[in-house]
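First up is the structure itself, then whatever we jot down about it.
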Amino acid sequence: MSTASALFGVCLLAMIFVAPGTAAVAAETDPPPTSPPDSTVVATPVIEKPAASALVGDEIPFSGTAEPDSGIDLYSDSGGQPLCSVITDKSGAWSCEVTLPSTPSVTVRAVQSVAGQSTETSVGISVLNAPTAGAAGSGTVSNGTIMGEGLAGATVTAVVGEVSCTATVDSTGTWFCALPIGLTSGSYQLTASQVAPWSGGRSSSSSRPSTLTIDVDAPAPPGVTIPADSIQASGATFSGDGEDGATVTLFAGPHSLCQAVVAGGRWSCTSAAIDAGTYDVSAIQQDVAGNISDESARVSVTFAGVPTPPAPTEQPTPSATQPPSNSTAIPSIPDGDPTAAAPQQPQAQQGTTTDAPPATASGGWPASTRFSAGMQPAFGTAGSIDWTLALGIGLAMVALLAVPARLLAGTLRGLRAAPEPRSEGAGRLTGRNRSRYQEYETAPELAWNTRVTGGFALIASATITVLSAPVTDEPAYLRLLVAAVLGIFVVNAVAVLVPRLLARSVFDVTVGIRLRPLFLLVSVGATILSRVLDLDPALVFGIVFGLGLSLTASRRALGRLAALQIGALLAVGTTAFLISGSIASAAGPGTAGAFLSEFVNTVALASLGGAAILLLPIADLPGRHILRWKPIVWLLLALAGFTLLAGVLSSALEGLGGGAGLILLALASLTFAAVCVAIWLWVKFVRAPAHDESSTPTT
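Residue numbers for the sequence shown, in mature numbering (1 follows the signal peptide of the UniProt record, and there is no 0): -26 to -1, 1 to 673.
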């Protein structure tokens, strides 16, 4: 037993001291249990700015969100190196600025790289960079002519102080225009913007302001020092004083002797060979802006020596300042004429043989106007119209303008019709209180030629239409006036001839045509609104004729004819609007192309603007007859007309200070609606009971 007990004790001790160590070794050598790796979700990159289909240019700011601390590379669909590469911050935000060439549509991709994986997103935009602008030629001094570079076919508007000029960029990317005459000499800020044929009337941002010195004052005649009364026929040195930087040209009769640039108030040049003889020597100078001085006093000088062949040498001088070599006298150059040397100035100042820009850039008949460019595309391009926004604006115009106007008109008509004590004949000015036999009702019986008055009204309406945008003294605006006259004629023909032709056969109603001179006041109001808000395209109302119906015509006949009239205007206006862009592209530059574009744009603007205004259910407008006949028809036509007009003017509305302009218009519409409703409530619920309590009821 003692031996067994001893063995048991030894085993027990071994279990106590050895087993824990073995467990520890096992714990150290065995790998720890593994847990499945964390599955993380990588954020997809987002481009927040610019928005899809936006028109951007110059330094384009891109920004968005992505996975924090990831890399973002921007690529254009033209390929090549990344436009920019950035790292997102801790919140995942990123931003960078890129520069892209002007193009109707380009897709920019944002590629995110994180943990060896890449994801991307993209946005389609239109790019229209600002044009360059500067003095015609080199330097910063101009006599009123400016030039620069832009997108071929674009219309550039250059602004110098309070004046501006427009030009079309030629196929080489160059534009040239002359500022209006009358600009005084001084230092001005010069900026320029351009509208591309595909931008739908939307303009690029303005170029960075640059300082332009306008000098339209002709320098004084230069002073000339004659070496002697009789000098050698070649190699004589002449000198004198002049304006720093000006180019002095010395003449001997019809011959150009030499030319020099004034420095430090002095000039000096050596004469070329000339036939021996006596000549009147004089000089003129052209300053750096291109202004030409009068001729200096003529001094008779005898050139002696061996005669040389009669080949007068003409120095490289601006052609505007150099008399013809075979002329018999030095030409008299008008003093202070700022355009005398304008076409030649770029060549003279640059010292190259580059031809001056063509006449289409500087003005003339082929010059562009605001009505020449194609309208914003309706569908399918990056710069197309946002019809959702246009529909919203159309609904707002119906709810905040048309309906409140009808409410106000009905209220005021009720007030005029109320039986109030008045003297005989008082209050008969408008509405029901007018006598059916008043004198002005018979005014059409005066011996006026209807065709003459109608033609005058059409020309007046076209003139008002032309004045809805800035006008200069270029001949192109005479072309625009002719195009506007034809366009207004077509719109009026559609508005009155179509219903008249169908009135008898379809509605069994006899319809006449009458001149509506008061509509010219509506046209003036639309033009003033366009000029004040600088709308481009402009709001145009070109209707001057209306339908003359019998007083016995039924409400149904009046409503159906009015609906036909509005429908015809909407159909013609929509057609002209849809083909405007293709017409502008197909017609190309030149007088004929610009004329056709202006005609189509006038038809589109006058038809849609006229239909929208005629739809207002007030006075004797067609909109009131349609509303009295079938309100649902009026609502559908009004919504269509106002939406189309909002779509055409969307680019102009977007330019009214961005969102601020739309907010101001919305507030004005809300104020108008609130005033109309307040007047209606006061008349219906405040004025009427008080009148009933203080007076006997009337029938």
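We treat Cβ as the ideally placed atom computed from N, Cα and C, and that holds for glycine.
Here's the rule: buried if 16 or more other CB atoms are within 10 angstroms of the residue's CB, otherwise exposed. What is residue i?
i	result
residue 71	exposed
residue 114	exposed
residue 255	buried
residue 189	buried
residue 156	exposed
residue 470	buried
residue 611	buried
residue 656	exposed
residue 448	buried
residue 638	exposed
residue 217	buried
residue 350	buried
residue 534	buried
residue 146	exposed
residue 353	exposed
Below 6 Å CB to CB, which residues in the same chain sit around residue i once its five sequence neighbours on both sides are set aside?
i	result
residue 658	none
residue 458	436, 439, 440 and 576
residue 172	78
residue 472	542
Closest by CA to residue i, which one among the options?
i	options	result
residue 441	432, 455, 449 and 106	455
residue 193	266, 177 and 246	266
residue 340	173, 205, 569 and 23	569
residue 503	476, 438, 532 and 488	438
residue 162	532, 262, 518 and 136	136
residue 595	507, 383 and 365	383
residue 432	461, 273, 120 and 368	461
residue 18	46, 60, 149 and 351	46
residue 370	87, 79 and 640	640
residue 346	241, 498, 511 and 507	511
residue 623	606, 450 and 359	359
residue 688	365, 81, 275 and 644	In the structure displayed, the chain extends from -26 to 673; residue 688 sits before or after that span and is not available.
residue 166	120, 365, 40 and 536	120
residue 181	425, 551 and 134	134
residue 489	66, 466 and 507	466
Check whether the Cβ atoms of residue i and residue j lie closer than 8 Å to each other.
i	j	result
residue 101	residue 127	no
residue 516	residue 621	no
residue 613	residue 372	yes
residue 69	residue 35	yes
residue 625	residue 31	no
residue 642	residue 616	no
residue 259	residue 221	yes
residue 257	residue 186	no
residue 376	residue 579	no
residue 164	residue 183	yes
residue 555	residue 581	no
residue 261	residue 214	no
residue 446	residue 139	yes
residue 603	residue 529	yes
residue 500	residue 344	no
residue 44	residue 73	no
residue 170	residue 52	no
residue 263	residue 116	yes
residue 600	residue 536	yes
Tell me which same chain residues have a C-beta within less than 8 Å of the C-beta of residue i, skipping the five on either side of it?
i	result
residue 28	99 and 100
residue 248	207, 208, 226, 229, 231, 277, 282 and 286
residue 168	102, 104, 105, 124, 125, 128, 129, 130, 131, 143, 177 and 178
residue 478	484 and 485
residue 494	431, 434, 435, 438 and 518
residue 158	188 and 190
To the nearest whole angstrom, what separates the beta carbons of residue i and residue j, a pair I think is in contact under 8 Å?
i	j	result
residue 539	residue 513	With 8 Å as the limit, residue 539 and residue 513 do not qualify as a contact, their Cβ atoms being about 20 Å apart.
residue 107	residue 118	Their Cβ separation, rounded to whole angstroms, is 14 Å, which puts residue 107 and residue 118 out of contact at 8 Å.
residue 379	residue 58	About 52 Å; that fails the 8 Å criterion.
residue 270	residue 197	7 Å
residue 592	residue 598	6 Å
residue 453	residue 565	6 Å
residue 242	residue 234	6 Å
residue 26	residue 97	5 Å
residue 374	residue 646	7 Å
Can you name, in chain order, every residue of its own chain whose Cβ lies under 7 Å from the Cβ of residue i, other than the five neighbours on each side?
i	result
residue 464	577
residue 415	Residue confidence for residue 415 is low, a pLDDT of 42 falling below 50, so the modelled location carries little weight and cannot support an answer.
residue 38	19, 20, 21, 22, 68 and 84
residue 92	85 and 86
residue 368	613, 616, 617 and 620
Please check if any C-beta of chain D sits within less than 8 Å of the C-beta of residue i.
i	result
residue 108	Looking for chain D here will not work: only one protein chain is present.
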